[in-house]
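Just so you know, the sequences run in chain order S and F. Numbering (the UniProt record's numbering) for the first sequence: 1 to 264. Numbering (the UniProt record's numbering) for the second sequence: 1 to 264. All residues carry an ideal CB built from backbone N, CA and C; glycine is no exception.
Number of protein chains: 2
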Amino acid sequence: MSNGRHLAKGGYSSSSRGPVSLKGIESVFVGSPIPDVPEDGILRLYSMRFCPFAQRVHLVLDAKQIPYHSIYINLTEKPDWLFDKNPQGKVPALELVREPGPPVLTESLLICEYLDEQYPLRPLYPRDPLKKVQERLLIERFNSVLGAFFRASDGGDLEPFWCGLDTYEKELSRRCTDFFGGEQTGILDYMIWPWCERLDLLKVQRGDDYNFDERRFPQLSQWVERMKRDSAVMAFYMEAEVQAEFLRTRSAGRPNYNLLVKEA
Amino acid sequence: MSNGRHLAKGGYSSSSRGPVSLKGIESVFVGSPIPDVPEDGILRLYSMRFCPFAQRVHLVLDAKQIPYHSIYINLTEKPDWLFDKNPQGKVPALELVREPGPPVLTESLLICEYLDEQYPLRPLYPRDPLKKVQERLLIERFNSVLGAFFRASDGGDLEPFWCGLDTYEKELSRRCTDFFGGEQTGILDYMIWPWCERLDLLKVQRGDDYNFDERRFPQLSQWVERMKRDSAVMAFYMEAEVQAEFLRTRSAGRPNYNLLVKEA
Numbered sequence: 001m002s003n004g005r006h007l008a009k010g011g012y013s014s015s016s017r018g019p020v021s022l023k024g025i026e027s028v029f030v031g032s033p034i035p036d037v038p039e040d041g042i043l044r045l046y047s048m049r050f051c052p053f054a055q056r057v058h059l060v061l062d063a064k065q066i067p068y069h070s071i072y073i074n075l076t077e078k079p080d081w082l083f084d085k086n087p088q089g090k091v092p093a094l095e096l097v098r099e100p101g102p103p104v105l106t107e108s109l110l111i112c113e114y115l116d117e118q119y120p121l122r123p124l125y126p127r128d129p130l131k132k133v134q135e136r137l138l139i140e141r142f143n144s145v146l147g148a149f150f151r152a153s154d155g156g157d158l159e160p161f162w163c164g165l166d167t168y169e170k171e172l173s174r175r176c177t178d179f180f181g182g183e184q185t186g187i188l189d190y191m192i193w194p195w196c197e198r199l200d201l202l203k204v205q206r207g208d209d210y211n212f213d214e215r216r217f218p219q220l221s222q223w224v225e226r227m228k229r230d231s232a233v234m235a236f237y238m239e240a241e242v243q244a245e246f247l248r249t250r251s252a253g254r255p256n257y258n259l260l261v262k263e264a
Numbered sequence: 001m002s003n004g005r006h007l008a009k010g011g012y013s014s015s016s017r018g019p020v021s022l023k024g025i026e027s028v029f030v031g032s033p034i035p036d037v038p039e040d041g042i043l044r045l046y047s048m049r050f051c052p053f054a055q056r057v058h059l060v061l062d063a064k065q066i067p068y069h070s071i072y073i074n075l076t077e078k079p080d081w082l083f084d085k086n087p088q089g090k091v092p093a094l095e096l097v098r099e100p101g102p103p104v105l106t107e108s109l110l111i112c113e114y115l116d117e118q119y120p121l122r123p124l125y126p127r128d129p130l131k132k133v134q135e136r137l138l139i140e141r142f143n144s145v146l147g148a149f150f151r152a153s154d155g156g157d158l159e160p161f162w163c164g165l166d167t168y169e170k171e172l173s174r175r176c177t178d179f180f181g182g183e184q185t186g187i188l189d190y191m192i193w194p195w196c197e198r199l200d201l202l203k204v205q206r207g208d209d210y211n212f213d214e215r216r217f218p219q220l221s222q223w224v225e226r227m228k229r230d231s232a233v234m235a236f237y238m239e240a241e242v243q244a245e246f247l248r249t250r251s252a253g254r255p256n257y258n259l260l261v262k263e264a
């Protein structure tokens with residue numbers, strides 16, 4: 001069916017070494033059969049193209065150059081077989097097809113931690129237990145920041161999101177490195193990125209209300225530009241206008257999970 | 001001041017090898033100075049005697065026989081210096097006094113994961129990344145179970161808590177071992193124990209409404225009895241009547257953090 005790269009048909013796509021084009025992949029919806037993914041022992045990621053939590057897992061898989069098949073799900077009309085894979089019907093979900101069962105992992109952060117331990121090349125977490133727990137605490141703390149993002153994206157106050165980002169501006173300034181991970185990206189970079197990529201989405205959504213202040217966030221502003229040149233980020237990057245259009249279709253009660261298919 | 005064990009005065013207690021009596025320790029409240037804990041390089045745990053999340057950290061420290069000083073906090077009238085240690089003023093918080101800073105860790109599960117990595121003797125997590133993430137997923141999933149516990153303890157429906165426990169009954173039955181950790185306790189045993197110890201609390205609180213069914217939970221019932229004989233569990237065990245009395249004082253707006261002091 002495929003030699004693994006740049007495939008974009010039949011409800012799944014595959015990535016092996018390096019970025020893959022994600023345009024043109026149809027999302028699987030209720031009544032759809034399981035996509036005809038080859039039985040090649042490669043990880044299967046059940047995902048949703050517009051979901052920032054799923055994006056975390058794509059980023060880690062791509063950063064570590066772990067081959068995987070992506071199967072995009074229409075979350076409004078989930079196919080029945082998804083519940084057999086994963087009784088909660090959640091995405092992201094990673095199916096470890098080589099393991100007996102096979103097990104299906106959920107929870108974006110836990111999946112990423114598993115991947116970092118199981119595939120030790122290009123480690124994303126520091127090895128030192130203290131440095132490691134400090135990264136985890138900053139990831140944990142970001143949960144309230146992403147909550148503030150969602151409220152801002154929904155028309156709420158922007159300031160709580162900026163307040164949340166203050167911690168990360170200060171931390172990056174303290175570290176004096178290009179990335180939170182040091183000279184290259186690490187786990188914290190990838191776990192917070194999906195909501196930082198969406199700064200442009202907020203700009204589109206909020207128009208004149210958008211008041212991101214580069215003087216308040218000098219380090220984060222430069223970091224965002226650096227991140228946009230990272231190969232894993234580029235592989236899953238989405239233009240703000242497309243994100244905004246998806247959210248508009250969702251607010252209207254008819255989410256278009258296949259917006260990118262039209263672009264193929 | 002102390003040779004490290006069974007001390008119970010001046011607002012802190014110390015534990016080195018094995019169980020320590022926790023009776024008679026006063027909680028530190030607003031206006032209190034930092035307790036006069038020796039500068040001996042031993043970990044300091046800021047805790048609250050009736051807090052199930054703090055209990056998780058005590059259990060792991062005791063199970064791994066890591067020496068530490070406990071400093072109990074009156075959470076209703078927090079001392080000012082607590083915010084210097086930890087701007088969020090949360091407990092449990094673990095101060096790593098030997099490290100530069102010194103850093104203060106928060107979040108019960110993250111503290112426990114740090115301890116398991118930093119002190120590799122008597123490991124609590126499986127080493128295999130897949131088995132490890134499966135334990136983490138079961139711990140994560142318990143968050144909704146403990147939410148159901150709190151609602152039941154507050155007078156709400158008991159059934160959602162039983163439903164939550166079904167997963168753990170099934171899992172223990174599937175594992176066919178004495179503990180979730182196997183032949184000895186592991187991380188999952190200790191992370192869920194604080195709410196299972198409080199089954200007796202629910203019994204005291206709910207009286208005739210209490211409908212725990214041993215036929216529904218044959219494995220968990222035996223596991224509870226085994227856990228009650230575990231040395232780490234015994235070191236921090238509290239009678240249900242004392243827990244219930246604390247909650248009564250708290251509901252009445254005058255939480256008595258020093259209930260155990262009266263008993264000393």
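From the options, pick the residue whose C-alpha is nearest to that of residue i; which is it?
i, options, result
"E95 of chain S", "F:E95, F:L130, F:L124", "F:L130"
"Y190 of chain F", "F:F149, F:M234, F:D209, F:R151", "F:M234"
"T185 of chain F", "F:S32, F:F29, F:L59", "F:L59"
"K90 of chain F", "F:P103, F:M48, F:A63", "F:M48"
"W195 of chain S", "S:N86, S:P67, S:M238, S:E171", "S:M238"
"E140 of chain S", "S:R127, S:D128, S:G164, S:R151", "S:G164"
"I42 of chain F", "F:H69, F:Q55, F:F50, F:A63", "F:H69"
"V104 of chain F", "F:P120, F:I66, F:P87", "F:P87"
"T76 of chain S", "S:E135, S:S231, S:P255", "S:P255"
"R117 of chain S", "F:L188, F:L110, F:P120, F:R127", "A small fix is needed here, since residue 117 of chain S is Glu in this sequence, not Arg. Checked all of F:L188, F:L110, F:P120, F:R127; the closest Cα to E117 of chain S is F:R127."
"L110 of chain F", "S:D84, S:P92, S:L138", "S:L138"
"K228 of chain S", "S:D213, S:G31, S:D178", "S:D178"
"C51 of chain S", "S:G253, S:A252, S:I34, S:F236", "S:F236"
"L202 of chain F", "F:L247, F:N143, F:V30", "F:L247"
"S231 of chain F", "F:P38, F:K64, F:K85, F:V37", "F:K64"
Within 10 Å of its beta-carbon, does residue i have 16 or more other beta-carbons around it, so buried, or fewer, so exposed?
i, result
"W81 of chain S", "exposed"
"E159 of chain F", "exposed"
"E241 of chain S", "exposed"
"A8 of chain F", "Here A8 of chain F scores only 38 on pLDDT, less than 50, and its place in the model is too uncertain to base an answer on."
"G182 of chain F", "exposed"
"M1 of chain S", "For M1 of chain S, the pLDDT reaches just 31, beneath the cut-off of 50, and the residue's location in the model is therefore unreliable, leaving the point undetermined."
"N74 of chain F", "buried"
"T106 of chain S", "buried"
"K153 of chain S", "Correcting the residue type first, residue 153 of chain S is Ser in the shown sequence and not Lys. Classification of S153 of chain S: buried, given that the 10 Å Cβ count is 16 or more."
"D62 of chain F", "buried"
"K170 of chain F", "exposed"
"Q55 of chain F", "buried"
"Q243 of chain F", "buried"
"Q222 of chain S", "exposed"
"E225 of chain F", "exposed"
"L121 of chain S", "exposed"
"N3 of chain F", "Note that N3 of chain F scores 33 on pLDDT, short of 50, meaning its location in the model is unreliable; the coordinates nonetheless yield the value given after this. Classification for N3 of chain F: exposed."
"D166 of chain S", "exposed"
"E113 of chain F", "buried"
"E135 of chain F", "buried"
"P79 of chain S", "buried"
"E99 of chain F", "exposed"
"V28 of chain S", "buried"
"E263 of chain F", "Because the pLDDT of E263 of chain F is 48, which lies under 50, any placement of that residue in the model is unreliable, and the number read from its coordinates should be weighed accordingly. Label assigned to E263 of chain F: exposed."
Can you name the residues of chain F whose CB is closer than 9 angstroms to the CB of residue i?
i, result
"L105 of chain S", "L130, V133, Q134, L137"
"Q65 of chain S", "Those do not exist, as Q65 of chain S stays about 18 angstroms from chain F at its closest Cβ, beyond 9 angstroms."
Given that residue i touches chain S, what residues does it touch there, using C-beta distances under 9 angstroms?
i, result
"L59 of chain F", "Here the premise fails: no neighbours, minimum Cβ distance about 18 angstroms."
"L124 of chain F", "What L124 of chain F touches in chain S: nothing, since even the nearest Cβ is about 14 angstroms away."
"L96 of chain F", "L130"
Between residue i and the ligand FMN, is the CB less than 6 angstroms from at least one heavy atom?
i, result
"R254 of chain S", "Because no ligand of any kind appears in the structure shown, any question about the ligand FMN cannot be addressed here."
Mind pulling the chain S residues with CB within less than 7 angstroms of residue i?
i, result
"E140 of chain F", "E107, L110"
Is the CB of residue i under 7 angstroms away from at least one CB in chain A?
i, result
"V145 of chain S", "Included in the structure are the protein chains S and F, with no chain A among them."
Selection of the stretch 98-122 of chain S by Cβ proximity to chain F, strictly under 8 angstroms: Against chain F - using a Cβ distance shorter than 8 angstroms - the residues of the stretch 98-122 of chain S are E99, P103, L105, T106, E107, L110, I111, E113, Y114, E117, Q118.
At which residue ranges does the UniProt domain "GST N-terminal" (41-123) of chain S contain complete alpha helix (DSSP H) runs of 4 or more residues, listed in the order of the chain? 52-63, 81-85, 108-118
Those runs of the alpha helix (DSSP H) which lie wholly inside the UniProt domain "GST C-terminal" (128-246) of chain F and span at least 4 residues: 129-153, 159-175, 187-197, 199-206, 218-227, 231-236
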